[in-house]
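Visitor: Here you go, one structure.
Number of protein chains: 4
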Amino acid sequence: MNEMMISKKTTNIVDINGVLVGTDAIVIMAGPCSVESEHQILSIAKALKQAGASVLRGGVYKPRTSPYSFQGLGSAGLPLLKTAGDETGLRTITEVMDPRDVELVSRYVDCLQIGSRNMQNYTLLKEVGRTSKPVLLKRGIAASYFEWLNSAEYIWAEGNKNIILCERGIVSLRDGLRYTLDLSAIPYIKSITDSIYRGYPIIVDPSHGTGLADLISPMSKAAIACGADGLLIEVHYNPSESKSDSYQTIDYQQFNGLVSQIKKLAPVVNRTTLV
Amino acid sequence: MNEMMISKKTTNIVDINGVLVGTDAIVIMAGPCSVESEHQILSIAKALKQAGASVLRGGVYKPRTSPYSFQGLGSAGLPLLKTAGDETGLRTITEVMDPRDVELVSRYVDCLQIGSRNMQNYTLLKEVGRTSKPVLLKRGIAASYFEWLNSAEYIWAEGNKNIILCERGIVSLRDGLRYTLDLSAIPYIKSITDSIYRGYPIIVDPSHGTGLADLISPMSKAAIACGADGLLIEVHYNPSESKSDSYQTIDYQQFNGLVSQIKKLAPVVNRTTLV
Amino acid sequence: MNEMMISKKTTNIVDINGVLVGTDAIVIMAGPCSVESEHQILSIAKALKQAGASVLRGGVYKPRTSPYSFQGLGSAGLPLLKTAGDETGLRTITEVMDPRDVELVSRYVDCLQIGSRNMQNYTLLKEVGRTSKPVLLKRGIAASYFEWLNSAEYIWAEGNKNIILCERGIVSLRDGLRYTLDLSAIPYIKSITDSIYRGYPIIVDPSHGTGLADLISPMSKAAIACGADGLLIEVHYNPSESKSDSYQTIDYQQFNGLVSQIKKLAPVVNRTTLV
Amino acid sequence: MNEMMISKKTTNIVDINGVLVGTDAIVIMAGPCSVESEHQILSIAKALKQAGASVLRGGVYKPRTSPYSFQGLGSAGLPLLKTAGDETGLRTITEVMDPRDVELVSRYVDCLQIGSRNMQNYTLLKEVGRTSKPVLLKRGIAASYFEWLNSAEYIWAEGNKNIILCERGIVSLRDGLRYTLDLSAIPYIKSITDSIYRGYPIIVDPSHGTGLADLISPMSKAAIACGADGLLIEVHYNPSESKSDSYQTIDYQQFNGLVSQIKKLAPVVNRTTLV
């Protein structure tokens with residue numbers, strides 16, 4: 001197998017409003033776990049833009065294990081995210097959980113995210129499949145590759161071929177780390193041709209995949225080293241103030257360090273960076 | 001611990017249109033994986049009623065791993081299921097996948113089912129939480145007890161306290177069997193008091209939990225032996241003709257044998273059967 | 001499948017010095033996690049004999065996760081265990097960890113135990129395979145059925161066909177319980193004929209399989225209900241004083257209750273008890 | 001956290017007869033799954049030496065799931081491995097399974113390997129702990145970090161502090177790949193200070209960790225990118241002829257490509273290579 005040839009031959013490039021995912025250029029998506037306020041999302045967006053991110057993430061509908069945890073700003077957060085994107089030139093991505101929200105969310109963001117818990121929410125998959133928006137499909141925490149690709153196929157079958165896969169950790173032996181980041185998924189899925197893999201770009205979320213801020217930089221490098229097309233990183237100006245996921249969120253300095261290391265690493269694995 | 005005292009003290013009895021779940025009486029829910037035709041569901045319902053089932057299951061919206069597999073009859077199946085229930089006196093249960101269908105489905109069936117794949121589909125949980133219909137909440141294939149109970153809490157927090165938990169197997173070492181039926185969940189959850197467990201009845205689905213017809217009878221007995229409040233069984237007059245789940249579906253003779261064994265077993269564990 | 005016919009036809013009865021495992025009669029093995037003193041093992045043995053156990057367990061070589069935990073009395077414990085067996089008429093079983101100890105241990109006990117951690121310690125398996133002593137082979141915590149049966153085959157291939165399998169829980173989602181007791185293993189393994197399953201009796205260890213004293217009684221009943229040929233239970237006169245495994249050890253009263261429930265349950269599943 | 005500082009500060013350098021593991025220099029261990037003949041091991045050793053390996057691996061005692069699979073040459077293979085090492089200047093490593101073989105094996109090789117199946121074979125751990133030979137301790141397929149480090153402690157407690165950890169994949173969702181290579185283990189273990197982690201170097205075995213030849217190169221790069229101190233690779237002049245593990249064995253050309261990529265990658269993550 002010539003890894004890069006396979007990658008080049010089969011990757012189905014996804015266009016997020018001008019930012020291409022699946023080319024030789026690595027795409028970095030970053031932002032806070034949740035959109036908390038206009039000030040918060042805008043100031044983070046500016047810092048990320050300067051550091052080299054291309055896409056701004058920020059949750060407005062937050063799927064939380066407990067109904068009593070902070071649930072996000074809801075649709076009130078959408079214009080805040082859009083403003084931050086518009087003012088910085090970053091593309092935007094947010095998770096959609098309710099099929100009835102797909103049309104509304106699509107008006108505000110450049111890319112729709114399907115979270116792990118909803119990887120087999122077929123109603124939702126079909127609904128985003130009927131739009132033309134790029135869709136980031138996170139892997140379920142116990143989903144086999146076959147199940148994950150079949151979930152992507154639910155979107156594809158409706159006509160929307162703008163699909164990006166995102167590895168974010170699977171169930172683990174739960175000692176020290178909450179999930180096991182399965183990086184082998186990247187070269188494995190990219191190598192299979194006798195399946196319904198349709199050349200989707202694959203990115204990695206080391207924030208959820210490790211659950212620990214200190215591991216995000218080394219595992220980001222590992223992800224790029226084995227062929228990931230991009231990264232999805234949780235960043236906050238003060239992680240300890242973050243309303244959710246504070247343990248796995250990095251600050252600006254750590255993010256700048258990470259981007260600088262990815263820039264050094266990219267050419268070694270025949271990649272570039274967008275930044 | 002006096003097991004039965006705990007059970008009696010804490011179980012939150014759920015009333016499925018007159019069939020009580022969570023009393024000393026074991027409730028048997030059974031039926032085909034999918035509603036396939038009026039003839040099919042009605043003839044199966046009659047056989048199940050005669051054998052001793054109380055609740056008729058039958059999928060109309062089928063969550064299938066592949067978009068190209070049989071997806072169920074959809075809403076056209078609802079009146080067929082209702083007719084079969086009305087003609088036999090069986091209560092009815094079916095899975096709902098789309099929050100927009102909850103109101104419609106609620107008009108046709110006595111109990112709403114949330115499937116494993118949607119255990120953390122919070123949009124859907126909230127929607128069924130706003131009805132007064134009993135809800136059967138299946139455990140996700142990688143859900144911890146804590147996550148499962150928190151998902152139940154999403155329903156409870158909306159005001160609907162008619163919740164039944166259903167163990168259906170978790171991810172396994174995948175050799176021989178697709179899932180590992182976690183029967184310890186039953187006495188464990190019934191024993192915890194320092195949590196958000198609200199005394200929900202717990203039933204077991206050995207059909208999905210083992211994936212093999214031959215294992216359904218022994219694992220049904222095991223489920224009752226360790227405290228399950230009921231069973232959910234896939235039955236078809238000709239399992240090999242079933243449009244889905246044929247390997248884990250039993251026929252009438254096997255179902256009659258199973259019910260007869262449960263009747264013998266119940267008094268040994270201080271239970272009765274409804275039949 | 002007629003479950004009992006299969007069981008009767010294929011079970012390879014193992015004779016532990018007169019106590020037969022694999023007949024219709026359920027065999028109960030019980031005792032402390034560790035042999036702690038002559039007084040301790042003898043007084044427990046007497047209580048267990050009276051309650052209805054047939055085989056006395058007691059560890060002398062203890063495989064502990066940390067080298068700094070209590071490691072058992074070592075070979076000094078062997079005569080204590082033998083005396084307790086001789087005085088009560090109970091057969092004895094203990095774990096052997098070192099191939100160099102097999103000959104010595106064989107002089108003192110009636111049955112050799114291979115623990116989970118050593119299920120694929122082929123050196124040890126071959127060594128016990130060269131004796132004529134019955135061997136209880138515990139399943140590894142991540143062993144597939146295929147791997148488990150192949151480990152038994154290492155013993156069988158050396159000429160020792162006196163093998164008993166013991167399910168003791170596999171790796172789990174680790175929330176609340178340390179392991180997941182996989183009871184489906186019993187009817188599944190007993191149903192496979194196209195494999196190297198040679199009709200081994202299968203018993204269940206709910207003490208390690210659940211890790212919680214309160215779950216031992218319900219899961220013991222479940223094990224017998226789905227076809228187990230026996231049980232292996234940790235009992236101590238004062239579990240809180242036990243030098244190891246105190247959380248999963250039951251006292252005499254709980255053990256008496258358990259045996260009395262198994263006696264009631266046995267005939268319902270066409271079994272008897274030795275007691 | 002400054003990753004490299006932590007690594008530099010805490011790593012306990014292990015000296016394999018002059019080849020240091022745990023410095024800035026990445027160490028590559030490679031060789032066939034099994035020593036098959038003098039010609040085979042010598043010709044492979046020469047090719048590996050030329051390509052840049054420092055340590056020659058080759059199994060003589062092979063732990064195979066089935067007793068009927070090829071079990072290795074046994075002790076007859078030891079002089080063949082030693083000759084290959086002597087003639088090429090490569091250090092040698094082989095797995096030892098029987099505590100009674102430790103002394104013999106120590107006379108022939110430079111480093112002892114404890115395989116996954118024996119990670120909690122405490123008898124064997126203590127025995128190698130009583131030698132002064134470096135020990136490579138592979139992680140068990142279901143071992144938590146805590147359990148793994150405690151197993152290392154069994155060796156340490158006997159006085160042998162020359163311990164190298166080796167990540168080789170853990171139980172997975174078993175779809176496509178047999179194991180899940182847990183690369184997060186490397187930065188996680190290197191970051192913990194409130195534990196019994198004693199600064200052991202950590203290397204990665206992508207051959208067993210992925211089970212597929214095509215994944216070895218990308219996952220080797222990922223391992224080095226996140227901080228691994230070395231690699232353990234299965235190489236054969238004709239993988240399809242290999243008596244064991246042929247699917248996960250690479251040929252000379254692939255190995256040369258891999259080493260050349262590691263050489264390019266090393267300086268990007270502040271490492272060098274021995275070659």
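Protein chains in written order, with our numbering: chain A, 1 to 275; chain B, 1 to 275; chain C, 1 to 275; chain D, 1 to 275. All residues carry an ideal CB built from backbone N, CA and C; glycine is no exception.
1. If contacts are defined as beta-carbon pairs under 8 Å, then I224(D) and I250(D) qualify, I think. What distance do you get, rounded to the angstrom?
2. Going by C-alpha distance, which of T193(A), A222(A), I192(A) is nearest D205(A)?
3. Determine the burial state of E87(C): buried for a count of at least 16 other Cβ atoms within 10 Å of its Cβ, exposed for fewer.
4. Quick test of your reading: G31(B) and R57(B), contact by CB under 8 Å. State the CB separation rounded to the nearest angstrom.
5. Under a three-way DSSP split, which group does K62(A) fall into?
6. Starting from L80(A), trace the alpha helix (DSSP H) both ways and give me its first and last residue.
7. Please compile the residues from chain C whose C-beta is within a distance smaller than 7 Å of the C-beta of L312(A).
8. In three-state terms, what does DSSP make of I163(C)?
9. Just the C-alpha distance for K62(A) and P99(A), rounded to the nearest angstrom, thanks.
10. Alpha carbon to alpha carbon, how far is I28(D) from L274(D)? Give it in angstroms, no decimals.
11. Exposed or buried, which one is N238(C) when buried takes at least 16 other CB atoms within 10 Å?
12. For S144(D), return the contacting residues in chain A, with the cut-off set at a CB-CB distance below 7 Å.
13. Identify, in the order they occur along the chain, each residue of the same chain with its Cβ nearer than 8 Å to the Cβ of T70(B), setting aside the five sequence neighbours on each side.
14. Tell me whether the beta-carbon of G115(A) lies closer than 8 Å to the beta-carbon of E147(A).
15. For chain C, is any of its Cβ atoms less than 8 Å away from the one on E167(D)?
16. Mapping the DSSP letters down to three states, classify N2(A) as helix, strand or coil.
17. Applying a beta-carbon distance threshold of less than 8 Å, which residues of chain D neighbour M219(A)?
18. With a threshold of 8 Å between beta carbons, is A222(C) in contact with chain B?
19. By how many angstroms is the C-alpha of T23(D) removed from the C-alpha of G257(D)?
20. With 8 Å as the threshold, decide whether the Cβ of E153(D) is near any Cβ in chain C.
21. Excluding five sequence neighbours on each side, which residues of the same chain lie with their C-beta closer than 6 Å to the C-beta of A185(C)?
22. Under a three-way DSSP split, which group does N34(B) fall into?
23. Take Y154(A) and list the residues in its own chain whose beta-carbon comes closer than 7 Å to its own, dropping the five residues that flank it on each side.
24. Apart from the five residues just before and just after A53(C), which ones in its own chain have a Cβ nearer than 7 Å to its Cβ?
25. Beta-carbon within less than 6 Å of A47(C)'s beta-carbon, same chain only, minus the 5 sequence neighbours each way: which residues are those?
26. Within 10 Å of its beta-carbon, does V269(D) have 16 or more other beta-carbons around it, so buried, or fewer, so exposed?
27. Restricting to Cα atoms, I'd like to know which of L212(B), L231(B), T92(B), A25(B) is closest to L42(B).
28. Taking I114(B) as the query, report the chain A residues whose CB atoms sit under 8 Å from its CB, ordered along the chain.
29. Can you find a C-beta in chain D that's less than 8 Å from the C-beta of L215(A)?
30. Quick one: give me the first and last residue of the beta strand (DSSP E) that G230(C) is part of.
31. If you drop the 5 nearest sequence neighbours on each side, which residues of the same chain put their C-beta closer than 7 Å to that of N118(D)?
32. Check each candidate in L165(A), P79(A), I203(A), K49(A) and name the one with the smallest Cα separation from E38(A).
33. Check whether the Cβ atoms of I179(A) and I141(A) sit closer than 8 Å, and answer yes or no.
34. Does DSSP classify I202(A) as helix, strand or coil?
35. Pick out the complete alpha helix (DSSP H) segments inside the segment 121–172 of chain C, 4 residues or longer, and give them in chain order.
Guide: Checking against the coordinates, here is how it stands:
1. Not really, about 16 Å apart at Cβ, beyond 8 Å.
2. A222(A)
3. exposed
4. 4 Å
5. coil
6. 77–88
7. The shown model of chain A, from 1 to 275, leaves out residue 312(A), and the question about it has no answer.
8. strand
9. 15 Å
10. 8 Å
11. exposed
12. L173, D175
13. For the sequence presented, residue 70(B) should be read as Phe rather than Thr. Around F70(B): S34, K62, R64, K243, S244.
14. no
15. no
16. With a pLDDT of only 39 at N2(A), under the threshold of 50, the placement of this residue in the model should not be trusted; the figure read from the coordinates follows. Note: N2(A) maps to coil in three-state DSSP.
17. L183, S184, P187, C226
18. yes
19. 23 Å
20. yes
21. E167
22. The sequence given here places Ser at residue 34(B); Asn does not occur at that position. Correct three-state label for S34(B): strand.
23. Y122, L125, K126, G129
24. I28, M29, A30, L90
25. Y252
26. buried
27. T92(B)
28. Chain A residues near I114(B): none, gap ~11 Å exceeds 8 Å.
29. yes
30. 230–234
31. M97, L124
32. P79(A)
33. Sequence check: residue 179(A) is Tyr here, not Ile. Result yes, Cβ atoms of Y179(A) and I141(A) sit closer than 8 Å.
34. strand
35. 122–129, 145–157
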